[in-house]
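Notes follow once the structure below has been shown.
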Amino acid sequence: MEESKVKKCKVVIIGGSAGSLQALLQILPQLPPIRSFAIVIVLHRKSTDDTALENLIKLKSKIPVFSVEDKVPLRAGFLYIAPSNYHLLFEKNGILALDTSEKINYSRPSIDVSFESASEVYQTDLVGILLSGSNTDGTAGIKAIQEAGGTIVIQDPKSAEMPFMPNNAIANTIPDYVLNVQQLLDFIILLDK
Amino acid sequence: MIEDIELETLINDIYEYYGFDFGSYSKASLKRRVNRVYQLGEFESFYEFLSKVRSDPEYYRSMIDEITVNVTEMFRDPSFYAVVRKEILPILATKPFIRLWHAGCSTGEEVYSMAIILKEAGLLHKSLLYATDVNATVIESAKKGIFPLRMMKEYSENYRDAGGQEDFSNYYIANYGIAKFNAELASKMVFSQHNLVSDNSFNEFDMILCRNVLIYFDTDLQKRVINLFDESLSILGFLALGTKETIKYSISQTKYKQLGQEKIWRKVK
Ligand SMILES: C[S@@+](CC[C@H](N)C(=O)[O-])C[C@H]1O[C@@H](n2cnc3c(N)ncnc32)[C@H](O)[C@@H]1O
Numbered sequence: 001m002e003e004s005k006v007k008k009c010k011v012v013i014i015g016g017s018a019g020s021l022q023a024l025l026q027i028l029p030q031l032p033p034i035r036s037f038a039i040v041i042v043l044h045r046k047s048t049d050d051t052a053l054e055n056l057i058k059l060k061s062k063i064p065v066f067s068v069e070d071k072v073p074l075r076a077g078f079l080y081i082a083p084s085n086y087h088l089l090f091e092k093n094g095i096l097a098l099d100t101s102e103k104i105n106y107s108r109p110s111i112d113v114s115f116e117s118a119s120e121v122y123q124t125d126l127v128g129i130l131l132s133g134s135n136t137d138g139t140a141g142i143k144a145i146q147e148a149g150g151t152i153v154i155q156d157p158k159s160a161e162m163p164f165m166p167n168n169a170i171a172n173t174i175p176d177y178v179l180n181v182q183q184l185l186d187f188i189i190l191l192d193k
Numbered sequence: 001m002i003e004d005i006e007l008e009t010l011i012n013d014i015y016e017y018y019g020f021d022f023g024s025y026s027k028a029s030l031k032r033r034v035n036r037v038y039q040l041g042e043f044e045s046f047y048e049f050l051s052k053v054r055s056d057p058e059y060y061r062s063m064i065d066e067i068t069v070n071v072t073e074m075f076r077d078p079s080f081y082a083v084v085r086k087e088i089l090p091i092l093a094t095k096p097f098i099r100l101w102h103a104g105c106s107t108g109e110e111v112y113s114m115a116i117i118l119k120e121a122g123l124l125h126k127s128l129l130y131a132t133d134v135n136a137t138v139i140e141s142a143k144k145g146i147f148p149l150r151m152m153k154e155y156s157e158n159y160r161d162a163g164g165q166e167d168f169s170n171y172y173i174a175n176y177g178i179a180k181f182n183a184e185l186a187s188k189m190v191f192s193q194h195n196l197v198s199d200n201s202f203n204e205f206d207m208i209l210c211r212n213v214l215i216y217f218d219t220d221l222q223k224r225v226i227n228l229f230d231e232s233l234s235i236l237g238f239l240a241l242g243t244k245e246t247i248k249y250s251i252s253q254t255k256y257k258q259l260g261q262e263k264i265w266r267k268v269k
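These protein sequences, in sequence, are chains E and R.
With the first letter of the first sequence counted as 1, position 91 gets the number 91 in full-length UniProt numbering; the numbers rise by one all the way through.
With the first letter of the second sequence counted as 1, position 239 gets the number 239 in full-length UniProt numbering; the numbers rise by one all the way through.
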């Protein structure tokens with residue numbers, strides 16, 4: 001892949017639902033440590049599964065995982081996972097905040113909520129990636145990222161276990177990139193400056 | 001989405017007209033909530049919304065109800081209640097009298113959960129559960145001890161995961177879609193309105209629960225509230241927060257000892 005068109009990136013936010021963990025488990029083990037941005041992952045899952053996902057990703061990723069608690073700082077070089085049963089929000093002063101308000105799109109964490117919040121704070125310095133899923137969550141959020149000047153990337157529905165979510169997003173936006181799993185990995189590596 | 005400057009104006013107006021200080025609330029969440037109320041009201045402009053808030057106290061009150069996040073459950077995080085049952089109640093049991101404070105109790109699900117495990121430990125008769133919230137509407141609802149019947153399946157599973165052995169349905173009477181909890185549980189509860197931002201300590205407690213409330217505050221206000229709890233907690237008393245909240249940044253760690261991985265701290269000095 002040629003050099004990335006993304007000029008500046010402080011945060012890569014990745015959202016996914018059914019089938020997205022498979023994609024992540026192919027990407028994360030191959031992703032070398034990064035220096036210039038933070039990665040935030042927002043996945044739908046059972047509300048009782050509090051630490052299982054985090055433990056699994058910790059095991060598979062070379063990038064250190066920063067456990068999300070209320071008001072932790074967002075630091076470049078670390079990976080953050082939205083905890084189950086909370087919405088994950090971004091504060092202007094570079095910290096993360098949690099919120100237990102109503103589910104959105106039947107989901108908490110909701111991808112739309114986190115994407116919209118991140119887009120307000122990071123605007124052009126944000127890259128949003130939407131993965132596999134069978135839910136409409138994520139479409140409004142990825143749209144918000146694009147409207148705020150960020151870069152949006154959608155998993156190629158052909159490579160997604162559940163193509164509904166990427167298809168829905170593609171139908172409602174003009175994505176900057178539509179990439180399969182291998183291309184997603186290359187794309188993220190190229191973002192690191 | 002409303003602008004930051006609009007949110008600031010609203011915060012200032014609310015403080016000036018009603019004395020409620022949202023200035024130290026966590027902005028990301030507050031902005032979402034205010035934005036929602038604003039959209040629901042179908043106002044022509046933000047200015048029209050502001051003047052409605054200023055001139056209509058009734059509207060202001062309903063707005064506060066909408067802005068505060070009141071989502072709660074019975075036995076939310078069952079493992080938390082399991083630890084309270086196993087490790088804390090045996091210690092509190094040695095006291096002649098047990099005072100608890102649920103700060104930010106919302107509609108009361110947490111308070112009734114606590115009353116149930118106190119009862120099962122044979123401690124309810126000598127306990128008093130003070131339950132407070134800034135939102136007057138949820139306090140009125142909490143007093144009634146009535147929760148939606150459709151939630152009972154989930155709550156009885158939570159209860160079981162929290163180590164409950166009884167038949168959960170013995171604790172309420174089901175009627176037309178509602179579950180009315182036994183009056184005995186409520187007999188040891190005292191509900192009142194209390195604002196953690198501006199009101200003082202009002203008693204000394206053996207255990208304070210403030211779960212999923214601090215997440216709505218910025219770190220300075222969190223510090224102030226933790227200090228309010230510190231003033232209100234007896235030596236060797238317990239402070240319990242939500243699963244993603246901490247006192248780590250708010251108060252000297254030599255004063256408090258954490259119970260393993262749980263979000264429960266014991267005041268040791
Ligand atoms: C998400 S609920 C938590 C309910 C319960 N403790 C639980 O964990 O399930 C948060 C509660 O905090 C209350 N709250 C917000 N600001 C407050 C303040 N300044 N003083 C007291 N309570 C407040 C809200 O009204 C709401 O009922």
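Where is the CB? At the ideal position from N, CA and C, for every residue including glycine.
Asked, Found
"Pop quiz: R:L89 and R:L124 are said to be a contact at Cβ under 8 angstroms. What is the actual Cβ separation, rounded to whole angstroms?", "Going by Cβ atoms, the distance from R:L89 to R:L124 rounds to 11 angstroms, so no, they are not a contact pair."
"In terms of residues, what are the limits of the beta strand (DSSP E) holding R:D175?", "Checking the sequence, you will find Asn at residue 175 of chain R rather than Asp. 172-175 is the span of the beta strand (DSSP E), which, as asked, contains R:N175."
"Could you give the first and the last residue of the continuous alpha helix (DSSP H) run that contains R:A131?", "Here R:A131 belongs to no alpha helix (DSSP H); instead the beta strand (DSSP E) covers 127-133."
"Starting from the C-beta of E:P29, find all residues in its chain whose C-beta is less than 8 angstroms away, skip the five residues before and the five after it, and write them out in chain order.", "K60, S61, K62"
"At which residue ranges does the segment 16-52 of chain E contain complete alpha helix (DSSP H) runs of 4 or more residues, listed in the order of the chain?", "20-27"
"Please classify R:F46: does DSSP put it in a helix, a strand, or coil?", "helix"
"Fully enclosed by the segment 136-199 of chain R, which beta strand (DSSP E) runs are 3 residues long or longer?", "146-148, 172-175, 178-181, 189-193"
"Could you tell me whether the segment 67-75 of chain E touches the segment 87-98 of chain E, where touching means 3 or more Cβ pairs closer than 8 angstroms?", "yes"
"Against R:N212, what residues of chain E qualify as contacts under a CB-to-CB distance less than 8 angstroms, listed in chain order?", "T100"
"Could you tell me the alpha carbon to alpha carbon distance between E:L126 and E:V40, rounded to whole angstroms?", "11 angstroms"
"Indicate whether R:C210 and R:A103 have their beta-carbon atoms separated by less than 8 angstroms.", "yes"
"For E:A38, tell me which candidate among E:L25, E:N55, E:Y80 has the shortest Cα-Cα distance.", "E:Y80"
"Within 10 angstroms of the Cβ of E:Q155, are there 16 or more other Cβ atoms? Answer buried if so, exposed if not.", "buried"
"Any beta carbon from chain R within less than 8 angstroms of E:S117's own beta carbon?", "yes"
"Have a look at E:I174 and R:K144 and give me their C-alpha separation to the nearest angstrom.", "52 angstroms"
"List the residues that DSSP assigns as beta-bridge partners of E:A107.", "The sequence given here has Ser at residue 107 of chain E, not Ala. Its beta-bridge partners are E:I104."
"Pull up the distance between the alpha-carbon of E:R35 and that of E:Q123, whole angstroms please.", "20 angstroms"
"Do E:T100 and R:V69 count as a contact pair if the criterion is CB distance below 8 angstroms?", "yes"
"Between the beta-carbon of E:T139 and the beta-carbon of E:N168, is there less than 8 angstroms?", "yes"
"Return the chain-ordered list of same chain residues with a C-beta closer than 6 angstroms to the C-beta of R:L118, the five sequence neighbours on each side being excluded.", "L124, S127"
"Residues in its own chain within less than 6 angstroms of R:E73 by CB, not counting five upstream and five downstream?", "E109"
"At the level of alpha carbons, what is the spacing between R:N203 and R:A179?", "32 angstroms"
"Going along chain E, which residues have a C-beta under 9 angstroms from R:V69?", "D99, T100, S101, E102"
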